Amino acid sequence: MEKIFDNTQVAFSLKSDTELDRAYFLFKMIDSEPLVRIGTAVTNFAIKAHLPVEGLIRATVFDHFCGGVNENDCLTVVDKMFTKGVSSVLDYSVEGKEEEEQFDAALEMTLKTIEFAKERLAIPFAVFKPTGLGRFELYEKLGEKQTLSPAEQEEWNRVVARFDQVCSEAHKKDVALLIDGEESWMQDAADELVTEMMRKYNKEKAIIFNTLQMYRWDRLDYLKGLHEIAKKEGFFIGMKLVRGAYMEKENKRAEEKGYVSPICVSKEATDINYDAAVNYMLDHIETMSIFAGTHNELSSYKLMESMAQKGIAKNDNRIWFGQLYGMSDNISYNLAENGYNVAKYLPFGPVKDVMPYLIRRAEENTSVAGQTSRELSMIKAERKRRKGK
15 MEKIFDNTQV AFSLKSDTEL DRAYFLFKMI DSEPLVRIGT AVTNFAIKAH LPVEGLIRAT
75 VFDHFCGGVN ENDCLTVVDK MFTKGVSSVL DYSVEGKEEE EQFDAALEMT LKTIEFAKER
135 LAIPFAVFKP TGLGRFELYE KLGEKQTLSP AEQEEWNRVV ARFDQVCSEA HKKDVALLID
195 GEESWMQDAA DELVTEMMRK YNKEKAIIFN TLQMYRWDRL DYLKGLHEIA KKEGFFIGMK
255 LVRGAYMEKE NKRAEEKGYV SPICVSKEAT DINYDAAVNY MLDHIETMSI FAGTHNELSS
315 YKLMESMAQK GIAKNDNRIW FGQLYGMSDN ISYNLAENGY NVAKYLPFGP VKDVMPYLIR
375 RAEENTSVAG QTSRELSMIK AERKRRKGK
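Following this line, the structure appears as structure tokens:
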């Protein structure tokens, strides 16, 4: 297959020289692990101590990886990317909240993004995290089959109601809704709830999408099991397929608590697992929709190849490629240039609230072998190309 992801002119066509220089500086920093650790610690400290770092963060890391501090802020970025055929998924990336009013605020924001998506061709999906709408410990307790106290049960009923409100709104407005995956020890309860929403709202097509983190060795079997249920009960399956973002945390907890880690034994095993899930879904594309969230070029090429072999149109609405804003532009923009459906996750929210998300991204980039150096080599190639003009 033609290697389209090496075209840096297409990849960075929206970046000015200054923005390209900033990207170079950022990935140079992320490439050096000790620097990420120091930067993370200093940033955390500065934010907690209310030091005036917001301007600095905003001008560097925030503006590179985020769309803005609120949903309206993002529209400039959304429109700009869409000129190149790249769509957006507005992701309210405020993490780690524990209070009812914060969950209600996240609910309101998600409903607002669904409204945004309905009005704009450039925003084909809405998204939320399960823990954005309810307390982590509740999911965990339910996942471990513990009995909830009456107060907790009431609290859980509110979580279910929030889920239902968002899913019902998405269904009514015909906006596909991605529900993110989180840590394995809370995921069972989230999975059950999302399956319930699929039963209810995916009768005509996939509107509600769950997330499968394919670094977990049990997820392909999970998908096959869900498929059996869906066939019996007559609903469509929507899945965002990702490799996963909590590997170190997962392995550490498994070791501490003495259970078998849910994570594949190697990067290679994860890659095989990921591609197998994609193929399984392609084989059943008449009742499934795929959002392939990946920064892996080989997996992207494989999906493109399989689509071609099966005679599936590049712009078939049941198949989307997805990357994070600020990363893997060489994949996103070249896919769009070649006629595929592609959407970038565009995080937004107040700078200090989005920092945990950004820090996780930096750490994740450092832990994915080759990801940062690939970004750097693409940026270098493009800078060289521009200088040689």
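When the letters of the sequence shown are read in order and numbered with the working numbering, they come out as residues 15 to 403. A virtual CB, placed ideally from N, CA and C, is assigned to each residue, including glycine. Quantities reported herein were computed from a predicted structural model and do not represent experimental measurements.
List the endpoints of the continuous beta strand (DSSP E) containing Lys254. As a working mapping, residue 254 is identified with position 240 in the sequence shown. Residues Ile251 to Val256.
Hey, Ile251 and Ala220 are a contact pair by Cβ (cut 8 Å); roughly how many whole angstroms apart? By 1-based counting over the sequence shown, the position of residue 251 is 237. By 1-based counting over the sequence shown, the position of residue 220 is 206. Right, their Cβ atoms sit about 6 Å apart.
Could you spell out the range, first to last residue, of the beta strand (DSSP E) harbouring Ile408? Residue 408 lies beyond the range of the chain shown here (15 to 403); nothing can be said about it.
Start-to-end residues for the beta strand (DSSP E) that takes in Pro361: In the sequence shown, the residue the question calls residue 361 occupies position 347. Annotation for Pro361: the continuous beta strand (DSSP E) segment containing it runs Val356 to Phe362.
Is the CB-CB distance between Val180 and Phe142 below 8 Å? On the sequence shown, position 166 is the one that residue 180 refers to. On the sequence shown, position 128 is the one that residue 142 refers to. Going by C-beta atoms, Val180 is nearer than 8 Å to Phe142.
For Pro370, which option in Glu282, Ile61 and Val356 has the closest C-alpha, if you only look at C-alpha atoms? Here residue 370 refers to the residue found at position 356 when the sequence shown is read from its first residue. For the residues Glu282, Ile61 and Val356, the minimum Cα distance to Pro370 belongs to Ile61.
Buried versus exposed, by CB contacts within 10 Å (16 or more), Asp87: Along the sequence shown, one-based indexing puts residue 87 at 73. With fewer than 16 other Cβ atoms inside 10 Å of its own Cβ, Asp87 counts as exposed.
Measuring CB atoms only, is the region 320-336 touching the region 258-270, in the sense that at least three cross pairs come out at less than 8 Å? no
Do Pro364 and Gly81 have their C-beta atoms within less than 8 Å of each other? Walking along the sequence shown from the start, residue 364 turns up at place 350. Walking along the sequence shown from the start, residue 81 turns up at place 67. Contact flag unset, no.
Could you check if Asp235 is buried or exposed, using at least 16 other CB atoms within 10 Å of its CB as the buried criterion? Your numbering for residue 235 matches position 221 in the sequence shown. When all chains shown are included, Asp235 counts as exposed.
Start and end of the beta strand (DSSP E) containing Val141? Within the sequence shown, numbered from 1, the residue matching residue 141 stands at position 127. Start and end: Phe139 to Phe142.
Leu135 to Val92, Cα distance in whole Å? Indexing the sequence shown from 1 puts residue 135 at position 121. Indexing the sequence shown from 1 puts residue 92 at position 78. C-alpha separation (whole angstroms): 10 Å.
Using a Cβ-Cβ cut-off of 7 Å (strictly less than) and excluding sequence neighbours within five positions of Leu125, which residues of its own chain qualify? To locate residue 125, count along the sequence shown from 1; it is residue 111. Within the same chain, Leu125 has close Cβ partners Val180 and Glu183.
Taking Met261 as the reference, give the member of Arg397, Ile52, Arg374 and Glu115 with the closest Cα. Within the sequence shown, residue 261 is the residue found at index 247, counting from 1. Minimum Cα distance to Met261 is reached at Arg374.
Rounded Cβ spacing between Phe177 and Met212 (contact assumed at less than 8 Å): Taking the first residue of the sequence shown as position 1, residue 177 is located at position 163. Taking the first residue of the sequence shown as position 1, residue 212 is located at position 198. Going by Cβ atoms, the distance from Phe177 to Met212 rounds to 11 Å, so no, they are not a contact pair.
Between which two residues does the beta strand (DSSP E) harbouring Tyr294 extend? The residue labelled residue 294 in the question sits at position 280 within the sequence shown. Per DSSP, Tyr294 belongs to no beta strand (DSSP E); it is in the alpha helix (DSSP H), Lys281 to Asp297.
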